[in-house]
Amino acid sequence: MFYSFRSKIIASFLGVTFLVGIVSLLVGGHLLTKSVLGEARNRVSQDLNAAREMYDNRVRMIEVSLNITTLGYGFIVALKEKDTSDLVFRLGRIAQYGGLDFAGITDEKGQTISRIGSHSIPGKKSQSPNPIVTLALEKKTLASGAVVLSEEFLNSENPQLAERARVDIVPTPGATPAAEKVVTSGLTLSAGVPVLHEGQLLGVLYGGILLNRDEKIVDTVRGTVFRNEEYKGRSIGRATIFLKDVRVATNVPAQDGGRAIGTRVAEDVREHVLEKGERWTKQAMVITDWYITAYEPIKDISDKIVGILGMGVLEEKYVDLRWRTLASFVLITLAGMALATLLGCFLAGRIINPVHRLIRASQQVTEGSLTPDIGPVSSGEMAVLQNTFKEMVAAMGRRRAESQDRLVLSERQASVGRLAAGVAHEINNPLTGVLTYTHMLLRRKDLNEEVRADLQTIAEATERVRKIVKGLLDFSRQTKPDREQVDVNRLISSTMSLMENQALLKGVGMVFKPGHDLHMVNMDRNQFQSVLLNILINALDATKPGDTITFSTANSPVRNEADQEGIEISIADTGCGIPSEHLNKLFDPFFTTKEVGHGTGLGLSVTLGIVQRHGGTIQVASEVGKGSTFAIWVPLEGRVK
Amino acid sequence: MKILVVDDESIVLESCKRVLEDCFEVIPARSADAALEVIRREPVGVILLDIKMPGKDGMSLLREVKEKWPNIPVIVMSGYATNETVEQVSRTEAATFIAKPFTPDELVDAVAKVIEKEGKP
């Protein structure tokens, strides 16, 4: 019983801590995920913006370097005179300064006059279309931006470029299945500047960089945006340029170590970015790692979506952060639970120990001690309990002393009564003799006056003695009942406790079966107690060790002749029983089976008298060898006068 | 007329005899058995019975007498003259009750009353 109390306390503490821990774990974890990953996403978005900026700047750089050239006088002259070698030289210089992969100059019709690269002076055979030039001529102003150039064109500019542009498509899980196996076009950042002199269009200066397999741009982006930050030995940032949905320039590592050129983008990205032209952020598995990625469409000079610009941040760093935080939550919860267990133990002890002691003390009281040891007094409610317990035991002790006194008193009263009755009877016999002979003497006629007078004195004195004896007899019993409302169950309990020790010594058991909701009875408590005691004492005399005397009470369904309600009291013993020839003499005065001097035979007759004076009856049932039962019926309201 | 006096105390037997012998033949009996013997043997007019006697007690003798010889009136004597005993005795079939110690007059009155009642059918 004690262990379950202690474990209940500990269990509830643990339960609370655990619950709190779980809740904060869940809530905290959720908030953490949202904020950390949210932050990461924001970051990637911003990184994409930065990349875009850088991309745009590159385009501008190309623009600027071309533009400035067109303003040079020497250049204009060379163009006018179609001095191809000079133009080649100049183009070379522009390309060098601008870091261009290709550059060329066309005439006013768009025919390339000169270019850097192998076929520097092209022939008149048909040339591949040059979209940037076409647009510049059309708009008659500077055109710049992304341009997809065919393999042919690239080849004619510089076969190395065409070769560089060639990308084998690598099958990628998660991407849309593709029909093509190879990318041959090149994604370029180009610009075309119409050369005007004195209002006359002379030609178009064009140039650009091939993005396919370009490492400078993507690495510069990574360097600038991510500042080459690393986590667990890997760069956390990635930049990619896609031509359609194929990676053509990237620093995403391939499985074999190099760059993942030729791999494709996931289907949902392709759908959202390439087809719908939206910006798209997601957590994605890129080759082997999880990234938080952001993509936006690359539009060419005719505003057509031709590719994707993508940025990715290694998720691992953030994921690890989240797990570490959650782990510390868990640790805190565990620590809390350990603390709760300790606290629970301690607290339970503080409550249980005084309770333990009180239980032991109660057992001591049951065994008879009136000075039980309840240990040191605690504080608060426990102290109140302990003090109340002490008072209760003290009150018990007082009541026990009182009832002992009362027992002694009533025993003494009873024995005085018995003594008085016995003495009175003994005296009355010889007194009869004295009285009769004195009176007989007084009847004689031959007495002289003196003798007569003396005899008279004797007669009067004898009369006095008679009166004294009668008074003594009357005194030894109070006949007038002193009525009050009595709880008969309690009366029986106290009667039983009066004879407890005697019964114990005799080895006879006493059992009480009190009736429920027993009505109160209007009776003389002391007289009725003597009734119960008398029957109980007789029962004790009739029983031997191992026998039992059983008291029971109940509200009676029977009414008496005066139609009064009453209660039944039954005293049953398992003693030697009463022989049937004695049964109808049982209540006769002076009936006794004891020897002279050992019992007056008055007990049961007096008992019956008391019960009858209360308006009740006594019935006896008995069987020799089995035992006897005395059944008392007494009305609630006492005898009707 | 013969009066049977039953009491275990000889002083009581003698006192009764002394008081009644002028008018009656008083037969003493010390015990219930002796009393029964007398009743069986001789025609007894009145029985004076002490209600408390050891052995066969007075009450049972009273019942037996009333059973077997219902016409003989019985006067019960007792050293315990309380209201209860009077009550209890009055419920029996005793003719009357006198309490010890009694004066000769009281005894004679009791006997006279009983005989008078007996006379009336």
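Order-wise, the sequence lines are chains A and B. If you're matching positions, the first sequence starts at 1 in the working numbering and goes up one per residue. If you're matching positions, the second sequence starts at 1001 in the working numbering and goes up one per residue. Using N, Cα and C, we set each Cβ at its ideal position, and we do this for glycine too. What you are looking at is a predicted structure, and each value in this text was computed from that prediction instead of being measured.
Check whether chain A comes within 8 angstroms of residue i, counting only Cβ atoms and requiring the distance to be less than that.
i	result
R1041/B	no
E1025/B	no
S1060/B	yes
I1011/B	yes
R1030/B	no
G1045/B	no
V1019/B	yes
E1014/B	yes
Return the bridge partner residues of residue i from the DSSP annotation.
i	result
W280/A	Y295/A
A338/A	According to DSSP, A338/A bridges with nothing at all.
N387/A	In the DSSP output, where bridge partners are listed per residue, N387/A has none listed.
W633/A	E568/A and T617/A
I105/A	S114/A and L205/A
I241/A	A249/A and L309/A
G509/A	T548/A
M523/A	E484/A
P194/A	V204/A
F1097/B	V1076/B
K1002/B	E1025/B
For residue i, would you say it is in contact with chain B, using Cβ-to-Cβ distances shorter than 8 angstroms as the test?
i	result
M440/A	yes
T432/A	yes
R643/A	The shown model of chain A, from 1 to 641, leaves out residue 643/A, and the question about it has no answer.
L447/A	no
T436/A	yes
D588/A	yes
H614/A	no
K390/A	no
K513/A	no
A424/A	yes
N428/A	yes
K544/A	no
Of the residues the options, which one's Cα is nearest the Cα of residue i?
i	options	result
L210/A	Y55/A, S403/A, G575/A and T436/A	Y55/A
V246/A	K232/A, E267/A and G258/A	E267/A
C1023/B	D1008/B, D1033/B and V1046/B	V1046/B
S150/A	T17/A, K470/A, L161/A and Q111/A	L161/A
D454/A	I468/A, R466/A and H439/A	H439/A
G375/A	P354/A, D107/A and G471/A	P354/A
T176/A	D373/A, E271/A and D168/A	E271/A
S144/A	I301/A, N448/A, L91/A and Q456/A	I301/A
E391/A	I578/A, L358/A, A179/A and P579/A	L358/A
N67/A	L91/A, G603/A, S85/A and K82/A	L91/A
I578/A	S628/A, R60/A, E460/A and T288/A	S628/A
P1043/B	S1078/B, N1071/B, L1020/B and G1079/B	N1071/B
L608/A	A631/A, S622/A, K626/A and G625/A	A631/A
I105/A	V133/A, Y97/A, P129/A and G99/A	V133/A
G174/A	V204/A, T288/A and T333/A	T288/A
W290/A	P297/A, L26/A, V606/A and V252/A	V252/A
G616/A	S580/A, Q564/A, E500/A and G625/A	Q564/A
G471/A	M1059/B, V1065/B, G1079/B and I1039/B	G1079/B
Output needed for residue i: all residues of its chain with C-beta closer than 6 angstroms, excluding positions within five of it in sequence on either side, in chain order.
i	result
V486/A	V521, M523 and R525
L473/A	A424
Can you list, in chain order, the residues of its chain with a C-beta nearer than 7 angstroms to that of residue i? Leave out the 5 residues immediately preceding and following it.
i	result
G597/A	In this prediction, G597/A scores a pLDDT of 49, lower than 50, which makes its location untrustworthy; the coordinate-derived value is nonetheless stated afterwards. For G597/A, where only same-chain residues beyond five positions count, there are no Cβ hits under 7 angstroms.
A95/A	A103, I116 and G207
R324/A	none
S45/A	T281 and A294
F75/A	T69 and R90
R490/A	none
Tell me which residues share the same chain as residue i and place their Cβ nearer than 8 angstroms to its Cβ, disregarding the 5 neighbours each side in the sequence.
i	result
K1117/B	P1073 and A1095
T548/A	V508, G509, M510, V511, D573 and T574
I10/A	A340, T341, G344, C345 and A348
I1075/B	V1046, I1047, L1048, L1049, A1094, A1095, T1096, F1097, I1098, A1110, V1111 and V1114
R52/A	E296 and L309
Comparing the C-beta of residue i with each C-beta of chain E, is any distance below 8 angstroms?
i	result
K506/A	Here the protein chains are A and B, and chain E is not one of them.
(message) Which residues of the region 1100-1116 of chain B have a Cβ closer than 9 angstroms to any Cβ of chain A? Give them in chain order.
(response) For the region 1100-1116 of chain B, which is checked against every Cβ of chain A, the residues closer than 9 angstroms are K1100, P1101, F1102, T1103, P1104, D1105 and L1107.
(message) Short of 9 angstroms Cβ to Cβ, which residues in the region 519-540 of chain A face chain B?
(response) Listed in sequence order: no entries.
(message) Along the region 462-475 of chain A, where does the CB come closer than 9 angstroms to a CB of chain B? Name the residues.
(response) Those residues of the region 462-475 of chain A that come within reach of chain B (Cβ to Cβ, closer than 9 angstroms) are T462, E463, V465, R466, V469, K470, L473 and D474.
(request) Check each residue of the region 573-588 of chain A: if its Cβ is closer than 7 angstroms to any Cβ of chain B, include it; give the result in chain order. (result) Residues K585 and D588.
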